[in-house]
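To keep things clear, I will list the structure first and then write my remarks on it.
Encoded structure:
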């Protein structure tokens, strides 16, 4: 199958990721940090090394400020709900995923108000609109780094600056960009960074990461064994144990480490350029097909490797099924768990057909997809 | 290394578990249930099949009542905090793990009262003590199936009956028994069952399970993309989507499926008998060493493959280190995240040295451990 669903999860992974997981499972899969034997120490050390790799990638100074979660959604929930209290106000945008919007909407019932800033019909955010919505009780701004619908890169630098100037915490959802685009938490002024392991970072499913800037008070929502302060019936409040109760996802964490190591070895610039090239290549080819509508701004440099299209007014799910069944091409159609983004770009009813590329996507695969789309357009015409 | 830390995580896993994970990662690691292409369907189907295997193992009628979590601690937190409200009362025991005690203690701040019933010095629970503590507002009884410190099997049948007779929900923490001892949720009257994937069920770390009996209202604590009702900004309330936001741990889930399939193929009775035999074998050998104190009731039939000991008044951590460094034997010393259990058996200061066996433990390994313990005792004497 030709796999164009890398925005959901990257596939395939580098071979070293499989090898690392297998080697870990076979040789060192003890419970980390909870026992005094070699294999447990080894597992604990492996986890610490992945915290360090994350620090290297995102310019984080303290590895203990890295919290492992079960996915980026878990990270976003922890950040949003751990920070916001009755009376607080939060600003986000209409291009966010339901992993941001649903927790924020749920907090309305707890006295946390929100403003969802509209992006334009291309999914582009004007940072001035964020500034305009700041109130005296605005505590947090949440912004995706790139839309999972249109691939539009958001102005995190400008919004980070606005947040800093106004003493507002800044949470970035880097689900579509981590591992592909450089993110420097110090330079951009990111206070909280939510990541999935299994997308651009080339790890496997079942793991997320939340970076919490030192000194930010985030509630915890789970208590349990932490392998620390075992004599106490209250949760230890130090990092990262406070937020990491129970046995961690050690295989997932070592897989993430292998993914990051692969990225560092290849060079993120090379990965990023390759994905930009593939995106541009695809867009330039489909622009020649008159029935195809391409959403988003699609200017290279402001577009991640995620492209949403439609064929005339055809139902996006039907075209998605056709691509799968007749051409063995896997895409994702529908609303992509981001209903307001589809309202923003005018596709709430039709949905879109989303093509998302990865570092291992080939030009040949894109050519096959373009042929398939042409063939579908022809059959509809005829 | 000789690995006697199976109560923390079982090691090694059956080869089929490694093969299944690797095959999944290499061939079908799409994002399940979120896209309309073959590989996504395949991943979704694989997850559903593991729900069915869990149903088969625990006599659960509806696979949709199975919720995947990040570990048993996550399951316990969800069950305890999702159920208990201001004004409710919960009963548990002094032999519980911090994954039960810490959430229950945290709820004191939210108006939920608790009674922690004392077990005797062998860690044995008298079910009548539970009955005596029932109040008009008692909503939940939480009980571990077997102590992670002494291996003592708890009377879940009797307590289940007491819970049913009094219309109280019954939550069982089966961290030490799932996959080894038969658990029939219908027969025992279990309303909520919390499990880790990576212990007796022979899956890998990073996954837990919570079974919720149909009709029980449990709050959810996270919202996000569920691949369902994407057009809505509120969390869908149907099972299991309500509790499973974001990308699931698909590799962990398929590994669990392989572990359960291995158990079903071997026969749980055979596994259970083998672990009982190993435990009896170990206990009978160390009984001959006068300096060794063995905790718990250690009657075969009421003892899981977890044995806590001490050598005279020696510090348990030092003996643990010695076993690791001088004999290459991995055990777990200290308080095992269960401080009240150690208070119950009188080892809160000293801790214990815990030997925990698995299906793949050999008699030879146990003999080596017995020799090591003799040697340590001799050196202390001398």
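Protein chains in written order, with my numbering: chain A, 1 to 382; chain B, 383 to 764.
For each residue, glycine too, the CB sits at the ideal point set by N, CA and C.
DSSP state of residue i, grouped into three classes?
| i | result |
| --- | --- |
| residue 473 of chain B | strand |
| residue 350 of chain A | coil |
| residue 548 of chain B | coil |
| residue 464 of chain B | helix |
| residue 426 of chain B | helix |
| residue 395 of chain B | coil |
| residue 146 of chain A | strand |
| residue 310 of chain A | strand |
| residue 159 of chain A | helix |
| residue 344 of chain A | helix |
| residue 246 of chain A | coil |
| residue 671 of chain B | coil |
| residue 20 of chain A | helix |
| residue 3 of chain A | strand |
| residue 611 of chain B | coil |
| residue 320 of chain A | helix |
| residue 583 of chain B | coil |
| residue 383 of chain A | Chain A is shown from 1 up to 382; residue 383 of chain A falls before or after that span and cannot be answered. |
| residue 376 of chain A | helix |
| residue 504 of chain B | coil |
| residue 294 of chain A | strand |
| residue 355 of chain A | strand |
| residue 414 of chain B | coil |
| residue 617 of chain B | coil |
| residue 367 of chain A | helix |
Pull the bridge partners of residue i from the DSSP assignment, please.
| i | result |
| --- | --- |
| residue 638 of chain B | None; residue 638 of chain B has no bridge partner. |
| residue 742 of chain B | None, per the DSSP bridge assignment. |
| residue 432 of chain B | DSSP, once it has assigned bridges, lists no residue as partnering residue 432 of chain B. |
| residue 181 of chain A | A/178 |
| residue 210 of chain A | A/67 and A/194 |
| residue 303 of chain A | A/152 |
| residue 497 of chain B | B/473 |
| residue 172 of chain A | A/143 and A/193 |
| residue 491 of chain B | Its beta-bridge partners do not exist; DSSP assigns none. |
| residue 334 of chain A | A/352 |
| residue 520 of chain B | B/471 |
By Cβ distance below 6 Å, which residues in the same chain neighbour residue i in space, the five residues on each side in sequence not counted?
| i | result |
| --- | --- |
| residue 460 of chain B | 592 |
| residue 395 of chain A | As displayed, chain A neither begins before 1 nor continues past 382, which places residue 395 of chain A out of reach and without an answer. |
| residue 640 of chain B | 398, 399 and 402 |
| residue 358 of chain A | 6 and 10 |
| residue 724 of chain B | 717 and 730 |
| residue 479 of chain B | 530, 719 and 720 |
| residue 365 of chain A | 2 |
| residue 186 of chain A | 59 |
Measure how close the beta-carbons of residue i and residue j come, nearest whole angstrom, since I'm counting them as under 8 Å.
| i | j | result |
| --- | --- | --- |
| residue 304 of chain A | residue 151 of chain A | 4 Å |
| residue 691 of chain B | residue 667 of chain B | Their Cβ separation, rounded to whole angstroms, is 11 Å, which puts residue 691 of chain B and residue 667 of chain B out of contact at 8 Å. |
| residue 501 of chain B | residue 230 of chain A | About 18 Å; that fails the 8 Å criterion. |
| residue 450 of chain B | residue 589 of chain B | 6 Å |
| residue 159 of chain A | residue 143 of chain A | 5 Å |
| residue 448 of chain B | residue 630 of chain B | Not a contact, Cβ separation roughly 12 Å. |
| residue 36 of chain A | residue 703 of chain B | 6 Å |
| residue 476 of chain B | residue 462 of chain B | Not confirmed; about 17 Å, so no contact. |
| residue 296 of chain A | residue 122 of chain A | 6 Å |
| residue 361 of chain A | residue 237 of chain A | That belief does not hold up - the Cβ atoms of residue 361 of chain A and residue 237 of chain A are roughly 45 Å apart, past 8 Å. |
If I measure Cβ to Cβ from residue i and keep anything under 7 Å in the same chain, skipping five residues before and after, which residues do I get?
| i | result |
| --- | --- |
| residue 135 of chain A | 89 |
| residue 162 of chain A | 127, 130 and 131 |
| residue 241 of chain A | 226 and 228 |
| residue 705 of chain B | 711, 713 and 754 |
| residue 182 of chain A | 268 |
| residue 798 of chain B | Summary: the structure shown does not reach residue 798 of chain B, with chain B confined to residues 383 through 764, and so no result is reported for it. |
| residue 49 of chain A | 257 |
| residue 202 of chain A | 10, 13, 14, 17, 179, 259, 262 and 263 |
| residue 137 of chain A | 87, 88 and 89 |
| residue 658 of chain B | 682 |
| residue 222 of chain A | 245 |
Looking only at its chain, what residues have a beta carbon closer than 8 Å to the beta carbon of residue i, apart from the 5 residues adjacent to it on each side?
| i | result |
| --- | --- |
| residue 368 of chain A | 2, 327 and 329 |
Taking CB distances under 8 Å as the criterion, tell me whether residue i reaches chain D.
| i | result |
| --- | --- |
| residue 415 of chain B | Annotation note: the requested chain D is absent from the structure, which comprises protein chains A and B. |
The region 129-139 of chain A contacting the region 626-640 of chain B, beta-carbon criterion three pairs below 8 Å: As far as the Cβ criterion goes, the region 129-139 of chain A does not touch the region 626-640 of chain B, which means the pair count is below three.
The region 426-444 of chain B touching the region 641-650 of chain B, judged by at least three CB pairs closer than 8 Å: By the Cβ test, the region 426-444 of chain B is in contact with the region 641-650 of chain B, since at least three Cβ pairs between them sit closer than 8 Å.
Touching by the beta-carbon criterion (3+ pairs, under 8 Å), the region 408-416 of chain B and the region 7-16 of chain A: Yes, since at least three Cβ pairs between the region 408-416 of chain B and the region 7-16 of chain A fall closer than 8 Å, the two stretches touch.
The region 444-455 of chain B in contact with the region 573-584 of chain B per 3-pair CB rule at 8 Å: The region 444-455 of chain B makes contact with the region 573-584 of chain B, as at least three CB pairs between them are under 8 Å.
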